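Q:
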Amino acid sequence: AWSIAEYIHQSAHKPKTLFATHYHELNELENRFDRIKNFHITNKEVGNKVIFLRKLAPGGSTHSFGIHVARMAGMPPALINRANEVLAQLEEKHGEKGADVKEKLKAVSLPKMQLNIFDAHSVTFEEIRTLLEAADINRLTPVEALLKLQEIKNKLQ
Numbered sequence: 003a004w005s006i007a008e009y010i011h012q013s014a015h016k017p018k019t020l021f022a023t024h025y026h027e028l029n030e031l032e033n034r035f036d037r038i039k040n041f042h043i044t045n046k047e048v049g050n051k052v053i054f055l056r057k058l059a060p061g062g063s064t065h066s067f068g069i070h071v072a073r074m075a076g077m078p079p080a081l082i083n084r085a086n087e088v089l090a091q092l093e094e095k096h097g098e099k100g101a102d103v104k105e106k107l108k109a110v111s112l113p114k115m116q117l118n119i120f121d122a123h124s125v126t127f128e129e130i131r132t133l134l135e136a137a138d139i140n141r142l143t144p145v146e147a148l149l150k151l152q153e154i155k156n157k158l159q
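Residue numbering for the sequence shown follows our numbering, beginning at 3 and increasing consecutively.
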């Protein structure tokens, strides 16, 4: 991401570019390049929830809301919990001077369990595969598609 931002900035055409990322280290680019300006989406934290206010403000964000966004997107609770564990470990090491991001990531412990979002050899997967292969998506009505989706969802529970 860093090299892409540098490349765009140094391009002879000087394109105007919107670059969205959760990579906080890119905030440093504003100090190195005259045409790079950081902005962030304003937000309000209420308890353990984040409300995005849909307003741009100057400067980089001081927090990453990737985990909140993942929760809002319906990611599995085990994935959210693991993300919080990794974040806590990274924040614990953040105060160490001179430690770069790669070193911090190397120090993150492995998960206590394997997070299988999709096991291609499970019985459930085979049942879902059979359902999907039998469905003629070009002939399903919207209601039939929703019912098929519910049938698949029930297999996962």
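All residues carry an ideal CB built from backbone N, CA and C; glycine is no exception. In this text the structure is predicted, and so the values were computed from the model without any measurement.
Across which residues does DSSP place E47 in a beta bridge pair?
A: V52, per the DSSP bridge assignment.
Q: Between which residues of its own chain and L142 is the CB-CB distance below 8 Å, once the five residues before and five after are set aside?
A: K150
Q: Would you list the one or two residues that DSSP bridges to F21?
A: According to DSSP, residue pairing for F21 in a beta bridge does not occur.
Q: Using beta-carbon positions only, say whether N29 and N40 come within less than 8 Å of one another.
A: yes
Q: Quick check: the region 80–98 against the region 42–59, are at least 3 beta-carbon pairs closer than 8 Å?
A: no
Q: Let me know the secondary structure DSSP gives F127 once reduced to three states.
A: helix
Q: Between which two residues does the alpha helix (DSSP H) harbouring H65 extend?
A: Per DSSP, H65 belongs to no alpha helix (DSSP H) and is neither H nor E.
Q: Using the Cα positions of S43 and L134, report the straight-line distance between them to the nearest angstrom.
A: Looking at the sequence shown, residue 43 is not Ser but Ile. The straight-line gap from Cα to Cα measures roughly 40 Å.
Q: Starting from E30, trace the alpha helix (DSSP H) both ways and give me its first and last residue.
A: E30 -> no alpha helix (DSSP H), and no H or E assigned at all.
Q: If you reduce the DSSP assignment to three classes, tell me which class H11 lands in.
A: In the structure shown, H11 falls within a helical segment according to DSSP collapsed to helix, strand and coil.
Q: Which same chain residues, not among the five before or five after K157, have their C-beta less than 8 Å away from its C-beta?
A: T126, E129, I130 and L133
Q: When you compare only the Cα positions, how much space is there between G61 and I154?
A: Computed Cα separation, rounded: 45 Å.
Q: A3 by DSSP, collapsed to three states: which one?
A: coil
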